[in-house]
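Colleague: So the sequence lines, in the order shown, correspond to chains A and B. So for the first sequence, our numbering puts the first residue at 333; every next one is plus one. So for the second sequence, our numbering puts the first residue at 333; every next one is plus one.
2 protein chains.
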Amino acid sequence: MSVRARQAWESGSEADRPRLSGVLAPVLTPFRSDLSPDAARFVRHCRWLLSQGCAGLAVFGTTSEANSLSVEEREALLGELLGAGIDPGKVLPGTGCCALTDTVRLTHAAVRAGCAGVLMLPPFYYKGVSEEGLFRSFAEVIERVGDARLRVYLYHIPPVAQVGFSQKLVERLVTAYPRTVAGMKDSSGDWNNTKAMLDAFASSGFDVFAGSERFLLANLRHGGAGCITATGNVNAAAIDRLFREWRTPRAEQLQEELNAVRGAIEKHPVIPALKAIVANQTGDPAWRAPRPPLVELPGAQAEALLAELRRLGFQMPGLSG
Amino acid sequence: MSVRARQAWESGSEADRPRLSGVLAPVLTPFRSDLSPDAARFVRHCRWLLSQGCAGLAVFGTTSEANSLSVEEREALLGELLGAGIDPGKVLPGTGCCALTDTVRLTHAAVRAGCAGVLMLPPFYYKGVSEEGLFRSFAEVIERVGDARLRVYLYHIPPVAQVGFSQKLVERLVTAYPRTVAGMKDSSGDWNNTKAMLDAFASSGFDVFAGSERFLLANLRHGGAGCITATGNVNAAAIDRLFREWRTPRAEQLQEELNAVRGAIEKHPVIPALKAIVANQTGDPAWRAPRPPLVELPGAQAEALLAELRRLGFQMPGLSG
Numbered sequence: 333m334s335v336r337a338r339q340a341w342e343s344g345s346e347a348d349r350p351r352l353s354g355v356l357a358p359v360l361t362p363f364r365s366d367l368s369p370d371a372a373r374f375v376r377h378c379r380w381l382l383s384q385g386c387a388g389l390a391v392f393g394t395t396s397e398a399n400s401l402s403v404e405e406r407e408a409l410l411g412e413l414l415g416a417g418i419d420p421g422k423v424l425p426g427t428g429c430c431a432l433t434d435t436v437r438l439t440h441a442a443v444r445a446g447c448a449g450v451l452m453l454p455p456f457y458y459k460g461v462s463e464e465g466l467f468r469s470f471a472e473v474i475e476r477v478g479d480a481r482l483r484v485y486l487y488h489i490p491p492v493a494q495v496g497f498s499q500k501l502v503e504r505l506v507t508a509y510p511r512t513v514a515g516m517k518d519s520s521g522d523w524n525n526t527k528a529m530l531d532a533f534a535s536s537g538f539d540v541f542a543g544s545e546r547f548l549l550a551n552l553r554h555g556g557a558g559c560i561t562a563t564g565n566v567n568a569a570a571i572d573r574l575f576r577e578w579r580t581p582r583a584e585q586l587q588e589e590l591n592a593v594r595g596a597i598e599k600h601p602v603i604p605a606l607k608a609i610v611a612n613q614t615g616d617p618a619w620r621a622p623r624p625p626l627v628e629l630p631g632a633q634a635e636a637l638l639a640e641l642r643r644l645g646f647q648m649p650g651l652s653g
Numbered sequence: 333m334s335v336r337a338r339q340a341w342e343s344g345s346e347a348d349r350p351r352l353s354g355v356l357a358p359v360l361t362p363f364r365s366d367l368s369p370d371a372a373r374f375v376r377h378c379r380w381l382l383s384q385g386c387a388g389l390a391v392f393g394t395t396s397e398a399n400s401l402s403v404e405e406r407e408a409l410l411g412e413l414l415g416a417g418i419d420p421g422k423v424l425p426g427t428g429c430c431a432l433t434d435t436v437r438l439t440h441a442a443v444r445a446g447c448a449g450v451l452m453l454p455p456f457y458y459k460g461v462s463e464e465g466l467f468r469s470f471a472e473v474i475e476r477v478g479d480a481r482l483r484v485y486l487y488h489i490p491p492v493a494q495v496g497f498s499q500k501l502v503e504r505l506v507t508a509y510p511r512t513v514a515g516m517k518d519s520s521g522d523w524n525n526t527k528a529m530l531d532a533f534a535s536s537g538f539d540v541f542a543g544s545e546r547f548l549l550a551n552l553r554h555g556g557a558g559c560i561t562a563t564g565n566v567n568a569a570a571i572d573r574l575f576r577e578w579r580t581p582r583a584e585q586l587q588e589e590l591n592a593v594r595g596a597i598e599k600h601p602v603i604p605a606l607k608a609i610v611a612n613q614t615g616d617p618a619w620r621a622p623r624p625p626l627v628e629l630p631g632a633q634a635e636a637l638l639a640e641l642r643r644l645g646f647q648m649p650g651l652s653g
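So, in structure tokens, the structure goes:
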């Protein structure tokens, strides 16, 4: 850590920036026909998401197929996004990789670029690793990046990563790095786990985001910060409305409407389904393709999904190719 | 693919090199105190493994902590190894990453360097992916590398990667790329799976390696090619002896002796245990450290392991720091 960074860290002078709250989308990554990331479509989609009320862009999440991208591809896309004038204070890139050195590199780049924070997966290749090993992984990244501006949001998604965060591990991390370890995205799908994290840490300023808008109302009622949700890619305005109106009598009804849309999408593989929706709305079939090992939603399934969404009155205002 | 490579591919002129068989070690990766890979210790260990009868070096496997290394770190280590004069025809690097572009890059580098083949994990971040998606992943890598010299060994290790190879997927791959898809390492730990792969594919020249020497004798009796085993890092000479003498009356006894040594090691986390053994034998404590998220074997556990190995008469001839 540089002397200046160490001073800033210790004084906390750079540590009091506004923190993210509300609805964040783990931004879909469009690909060209050669499977390379399509920066122009990506930037257009990001602008649209912000126009719909997204408080932030969780680029390079699971929904973004980020682990199907190389480190260089992520760096290039982030550069394109910020070069296009998107406010880095609204960007929360995913930076957690299997390799310590990759995580450090991506995290360092995000901090240097002025990003709001990073969403960090644990190293996910080895299964059944110890709490001590995971603690060392995060400690090593935080100390190597060594920058008071760093805000780490822990990315808990055991259904995919298999490796997650116990409450004890979170406690060790927030105790060791209280300014830096800023919050969590809980994609466990288990409200009891989210509530336990809220009960344990929310009062000390640790921001818990639900990993699905299904838990948005409950999360806000228990002191949570919002949600970071795949369906934010297509339904951000409605999700943001619940975020703004959660204390009103309409909240339960808004939550039910969100659940209905999510339920329709979740009948299908979610990432290809979201890409099919964006492709349909923009009239741009190039959006449909994921990178292997994912495959695009078959046409008949896409038709069934779109028909069900129409029956639900689902709309995506202002999205065009 | 270049015209020349295409011609070679079609004529098969570069496709008839001798194939690997016998005992391969997924080589441990030593780290310096700053957690950077230690090329000098790595090369020394590789030389020792070859002197012990290893037919090949499966560098960058699970035991190698390869997924805890960046692409650049793997490239640099491979360069050091071959630069030190190790025969690339004995080297089988692990190249399968989550990101298609990383897998292509590492595989291309291995082929260019003249390596015997590559051991390829499937992309392992997304779980429950389709056979079609996995087929496309491998097809895309093989076609992008586009080189008749490429030999792909499929790396099946569902206990860690969670994503594996069904018999149907293997069949599609060997049918589509018969010269290229050369074999498999089966680390399922399930002999019935290994036997099913042998029964289905061994007679057509598909080389099945057991992922543990526990199944070496059974594998050889059913037409397998050998084993690629973590404990090859410390017990290669004895494992190779069974490979050479498997048709003799001593084979069952040799298998039992191997099982006893493996059983002693498997009482502990295997990678830290193997590093503790090498550290003890070389008198070089630097060998003990893994990279996070793994942690070194605690001293008391290491002592217990070494004591049990001594009771079994275990030896590592000629290994020194």
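For each residue, glycine too, the CB sits at the ideal point set by N, CA and C.
(1) What is the rounded straight-line gap between the Cα of G552/A and the Cα of E577/A?
(2) Which runs of the alpha helix (DSSP H), 4 residues or longer, sit entirely within the region 448-524 of chain A?
(3) Which runs of the beta strand (DSSP E) fall wholly inside the region 555-579 of chain B and span at least 3 residues, in chain order?
(4) Taking V359/B as the reference, give the member of S365/B, R379/B, V443/B, S353/B with the closest Cα.
(5) Identify, in the order they occur along the chain, each residue of the same chain with its Cβ nearer than 8 Å to the Cβ of P369/A, setting aside the five sequence neighbours on each side.
(6) What does K459/A touch in chain B if you count any residue whose Cβ is under 8 Å from its own?
(7) Can you tell me whether DSSP reads L352/A as helix, strand or coil?
(8) Identify which residue in P630/B, G558/B, L501/B has its Cα closest to the Cα of A387/B.
(9) Bridge partners of G426/B, per DSSP?
(10) So the alpha helix (DSSP H) V602/A belongs to, where does it begin and stop?
(11) Leaving out five residues before and five after C430/B in sequence, what residues of the same chain have Cβ atoms less than 7 Å from its Cβ?
(12) DSSP state of G388/A, grouped into three classes?
(13) Cα separation between A390/B and R483/B?
(14) Could you round the C-beta distance between D518/B and M529/B to whole angstroms and report it? I think they count as a contact, below 8 Å.
(15) Where A550/B and R579/B are concerned, what is the direct C-alpha to C-alpha distance, given to the nearest angstrom?
(16) Which word fits G564/A, buried or exposed, when buried means at least 16 other C-beta atoms lie within 10 angstroms of its C-beta?
(17) I want to know whether the region 592-605 of chain B touches the region 418-436 of chain B - three or more CB-CB distances under 8 Å.
(18) Could you pull out every residue in the same chain whose Cβ sits closer than 8 Å to the Cβ of Q499/A, ignoring the five residues on either side in sequence?
(19) Counting only C-beta atoms, is A684/A closer than 8 Å to chain B at any point?
(20) Helix or strand or just coil, what does DSSP make of A583/B?
(21) Going by beta carbon distance, what residues of the same chain come within less than 8 Å of Y485/A, once the five residues before and after it are set aside?
(22) Using a Cβ-Cβ cut-off of 8 Å (strictly less than) and excluding sequence neighbours within five positions of G645/A, which residues of its own chain qualify?
(23) Could you pull the start and end residues of the alpha helix (DSSP H) that F374/A belongs to?
(24) If you draw a straight line from the C-alpha of K459/B to the C-alpha of P601/A, how long is it?
(25) Cutting at 6 Å between CB atoms, please list the residues of its own chain near V610/B, excluding the five before and the five after it.
(26) Assuming contact is defined by CB atoms lying nearer than 8 Å, are T614/B and L651/B in contact in what I supplied?
(27) With distances taken Cα to Cα, identify the nearest neighbour of E588/A among I603/A, I571/A, A441/A.
(28) Does the beta-carbon of P604/B have 16 or more other beta-carbons within 10 angstroms, so that it is buried, or is it exposed?
(29) Quick check on DSSP: helix, strand or coil for D539/B?
(30) For the candidate residues R643/A, P622/A, A608/A, D616/A, whose alpha-carbon lies nearest to that of G631/A?
(31) Any C-beta of chain B sitting closer than 8 Å to the C-beta of L356/A?
(32) Using 8 Å as the threshold, is the C-beta distance between F497/A and V355/A below it?
(33) Grab the span of the alpha helix (DSSP H) containing R643/A for me, first residue to last.
(34) Given a cut-off of 8 Å, decide if T561/A and I489/A are closer than it, judged by their beta-carbon atoms.
(35) Taking Cβ positions only, does L401/A come closer than 8 Å to chain B?
Modeller: So, to answer that:
(1) It is worth fixing the name first, because residue 552/A is Leu in this sequence and not Gly. Roughly 11 Å between the two C-alpha positions.
(2) Scanning the region 448-524 of chain A from its first residue to its last, the whole alpha helix (DSSP H) runs of 4-plus residues come out as 463-477, 490-493, 499-508.
(3) Within the region 555-579 of chain B, the runs of beta strand (DSSP E) at least 3 residues long that lie entirely inside it are, in chain order, 558-560.
(4) Nearest in C-alpha terms to V359/B, of all of S365/B, R379/B, V443/B, S353/B, is R379/B.
(5) Within the same chain, P369/A has close Cβ partners T361, P362, F363, L401, E405, A408, L409.
(6) Residues of chain B passing the Cβ test: P491, V492, Q494.
(7) Note: L352/A maps to coil in three-state DSSP.
(8) The shortest Cα separation from A387/B among P630/B, G558/B, L501/B belongs to G558/B.
(9) Answer by DSSP bridge pairing, in chain order: L451/B.
(10) Here the alpha helix (DSSP H) through V602/A covers 602-614.
(11) The residues are P455, F456, Y457.
(12) Three-state DSSP puts G388/A in a strand.
(13) It is roughly 13 Å from the alpha-carbon of A390/B to the alpha-carbon of R483/B.
(14) About 6 Å separates the CB atoms of D518/B and M529/B; that is less than 8 Å, so the two are in contact.
(15) Those two C-alpha atoms are separated by around 11 Å.
(16) Counting Cβ neighbours within 10 Å, G564/A comes out buried, since at least 16 surround it.
(17) Judged by Cβ distances under 8 Å, the region 592-605 of chain B makes no contact with the region 418-436 of chain B, as fewer than three pairs qualify.
(18) By the criterion of a C-beta distance shorter than 8 Å, Q499/A is surrounded in its chain by A528, M529, A532, once the five residues flanking it on both sides are discounted.
(19) Past the boundaries of the shown model lies residue 684/A; chain A is included only from 333 to 653, so the question cannot be answered.
(20) Helix.
(21) So the list reads L424, G449, V450, L451, M452, A514, G515, M516, K517, D539, F541, once near-sequence residues are dropped.
(22) Around G645/A: no qualifying Cβ.
(23) Taken as a continuous stretch (DSSP letters only), the alpha helix (DSSP H) holding F374/A covers 371-383.
(24) It is roughly 12 Å from the alpha-carbon of K459/B to the alpha-carbon of P601/A.
(25) The beta carbon of V610/B is closer than 6 Å to those of W619 in its chain, skipping five residues each way along the sequence.
(26) Between T614/B and L651/B, the C-beta spacing is below 8 Å.
(27) When each option's Cα is compared against that of E588/A, the closest is I571/A.
(28) Burial state of P604/B is buried, judged by a 10 Å Cβ sphere holding 16 or more other Cβ atoms.
(29) In the three-state scheme derived from DSSP, where H, G and I count as helix and E and B as strand, D539/B is classed as strand.
(30) Of the candidates R643/A, P622/A, A608/A, D616/A, the one whose C-alpha sits nearest the C-alpha of G631/A is A608/A.
(31) Judged by the 8 Å Cβ criterion, L356/A is not in contact with chain B.
(32) It is not a contact, given that the beta carbons lie outside the stated cut-off.
(33) Boundaries of the alpha helix (DSSP H) harbouring R643/A: 631-643, taken from the DSSP string.
(34) Note that the C-beta distance between I489/A and T561/A is not below 8 Å.
(35) At least one chain B Cβ lies under 8 Å of L401/A.
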